[in-house]
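Trainee:
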Amino acid sequence: MDKALLALIKISRTVGKNGQLTQGGSGNTSVKMAPDQVEGGKFMFIKASGTAIGDMSAKKGWRRMRLGKVRGIIEDKKLSKLSSKKREAQIARRLLAACSDNTKGNYRPSIESNLHSFLDKCVIHLHPTAVGAFINSKNGKTELQKLFAMEKFPLLWVPYANPGYGLAKKLLVLCRRYEKKYGRLPQIVFLQKHGLLISAATEKEAIGLVSITIERCKKKLSMPAVKKDKKPDAKTIKAVKLIIKDVFSRNMGKNEQVHFYNNKIISIFANYADTKRLLQSGPLEPGEIVYCNGPAVWLEETEKNQIADVLKKQIKKRGKSPAAFLVKKVGLFVIGTAKSASVVRQVVSSSLFVRYNAQKFGGISALTKAEQNFIYNCGA
Ligand SMILES: [Zn+2]
12 MDKALLALIK
22 ISRTVGKNGQ
32 LTQGGSGNTS
42 VKMAPDQVEG
52 GKFMFIKASG
62 TAIGDMSAKK
72 GWRRMRLGKV
82 RGIIEDKKLS
92 KLSSKKREAQ
102 IARRLLAACS
112 DNTKGNYRPS
122 IESNLHSFLD
132 KCVIHLHPTA
142 VGAFINSKNG
152 KTELQKLFAM
162 EKFPLLWVPY
172 ANPGYGLAKK
182 LLVLCRRYEK
192 KYGRLPQIVF
202 LQKHGLLISA
212 ATEKEAIGLV
222 SITIERCKKK
232 LSMPAVKKDK
242 KPDAKTIKAV
252 KLIIKDVFSR
262 NMGKNEQVHF
272 YNNKIISIFA
282 NYADTKRLLQ
292 SGPLEPGEIV
302 YCNGPAVWLE
312 ETEKNQIADV
322 LKKQIKKRGK
332 SPAAFLVKKV
342 GLFVIGTAKS
352 ASVVRQVVSS
362 SLFVRYNAQK
372 FGGISALTKA
382 EQNFIYNCGA
């Protein structure tokens, strides 16, 4: 097996094992090959869409791409003239066409392949909860610069850009500027309201940098102190499930399952006095829209008419039903299949923790209306 592919599998499985790093298997990884003597050119192995990062093996979960072709996409000036819908579709097609391997079937390379192509040999891109508190707060950039002040080469902060073309273009410009100034590519890159990009010359160094970054961020974070409340009773849980199921099917014209969660973090925020206010800020990052149709909806009462009113209002506002409801002193209710609900639970838990901690750094910085609309219209 190629050494670069071996390194990619190792990196992917290492970060994939850690649930704090990869909610719902999200995130992507890549390793660039040395120029190929036989095929003449440079290649990059990258995680494929559709499989969890930790499930990568020699047989599946990755694609091999021609690096020159991937880089050429974002440098193509014609793309900027297209509408965002047409542009994103064309980029996806060209990324697939840049693949060069024996993979059968329609396994797409990560839609974030462009970002990887500009960086150093080994790249790890994640959306970690510990980083979220900084990239989603008003003073996050300053706080991170303080945390990483002792690094020989400074971190790179990338202001928010729409996922896909917008972000890739911005990163390309900033990487070039960084290289000119410091004579090398950045190793630690924070993407505002999105995630973390780590790049290094070896897989060991890249994995090490992920750990250092997460540990350093985590030291500044905490959970609210909440008085232990008694467990919610089974009767209430069952009743709320039925109400949500019923209101959903009446308003959306289809039946869905409703799941209940009350793990440690959910229970803390269901009982925390200020959760209502925390959830009033809009979606923090694209994933909160893509997976949950916006932040969890806070419910103070479990009475049928009240739940129906809130749900109807949200459907009207967002055009879709929100996926998650956090009920005061009870827990989290999620609409969807067992698999999708489990991802929603992870996104909601992470978002609550981020919202609480962002207050220490000047307050929550959520997606603007225009940024939200791009995700609602284009997907991410
Ligand atoms: Zn991402």
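In short: position in the sequence shown from 1, add 11, done, that's our numbering. Virtual Cβ for every residue (Gly too), placed ideally from N, Cα, C. This one's a predicted model, so the numbers in the text were calculated from it and none came from an experiment.
1. Between G347 and ligand 1, is the CB less than 7 angstroms from at least one heavy atom?
2. Should the segment 199-216 be regarded as contacting the segment 103-115, the criterion being three or more beta carbon pairs within less than 8 angstroms?
3. At 3 residues or longer, and completely inside the segment 41-104: list those beta strand (DSSP E) runs for me, N to C.
4. Just curious, the alpha helix (DSSP H) that I254 is in, first and last residue?
5. Using C-beta distances below 7 angstroms, list every residue in its chain close to V365, excluding the 5 sequence neighbours before and after it, in chain order.
6. Decide yes or no for the touch test of the segment 264-277 against the segment 305-321: beta carbon pairs closer than 8 angstroms, at least 3 of them.
7. Please tell me whether F418 and M67 are closer than 8 angstroms, where the distance is taken between their beta carbons.
8. To which residues does DSSP link I346 through a beta bridge?
9. Nearest to K331 by alpha carbon, out of V359, N388, P170 and P243?
10. Check this for me: beta carbons of G373 and K149, under 8 angstroms apart or not?
11. CB of E299 to nearest heavy atom of ligand 1: below 7 angstroms?
12. Going by the DSSP bridge assignment, what does G206 pair with across the sheet?
13. Which residues does DSSP list as the beta-bridge partners of P120?
14. How many angstroms separate the CA atom of K58 from the CA atom of M76?
15. Can you tell me which of P333, Y302 and L155 puts its alpha carbon nearest to the alpha carbon of V358?
16. Quick check on the DSSP output: the beta strand (DSSP E) that includes V308 runs from which residue to which?
17. For T33 and H138, what's the separation of their Cα atoms in angstroms?
18. Which residues does DSSP list as the beta-bridge partners of H136?
19. Residue range of the alpha helix (DSSP H) that V221 falls in?
20. Could you check the C-alpha separation between Q325 and D257 for me, to the nearest Å?
21. Can you tell me whether L253 is buried or exposed? The criterion is at least 16 other CB atoms within 10 Å of its CB, across all chains shown.
Mentor: Reading from the atomic positions:
1. no
2. no
3. You should have 54-58 and 73-77.
4. A245 to M263
5. Once the five neighbours on either side are set aside, the close Cβ partners of V365 are T140, G143, A144, N147 and L295.
6. Contact between the segment 264-277 and the segment 305-321 is absent, because fewer than three Cβ pairs lie under 8 angstroms.
7. Since the first residue of the chain shown is 12 and the last is 391, residue 418 is not available in this structure.
8. V269
9. N388
10. yes
11. no
12. L202
13. In the DSSP output, where bridge partners are listed per residue, P120 has A59.
14. 11 angstroms
15. Y302
16. Here the beta strand (DSSP E) through V308 covers V308 to L310.
17. If you draw a straight line from the Cα of T33 to the Cα of H138, it is about 7 angstroms long.
18. Paired residue(s): N39 and L208.
19. E214 to K229
20. 16 angstroms
21. exposed
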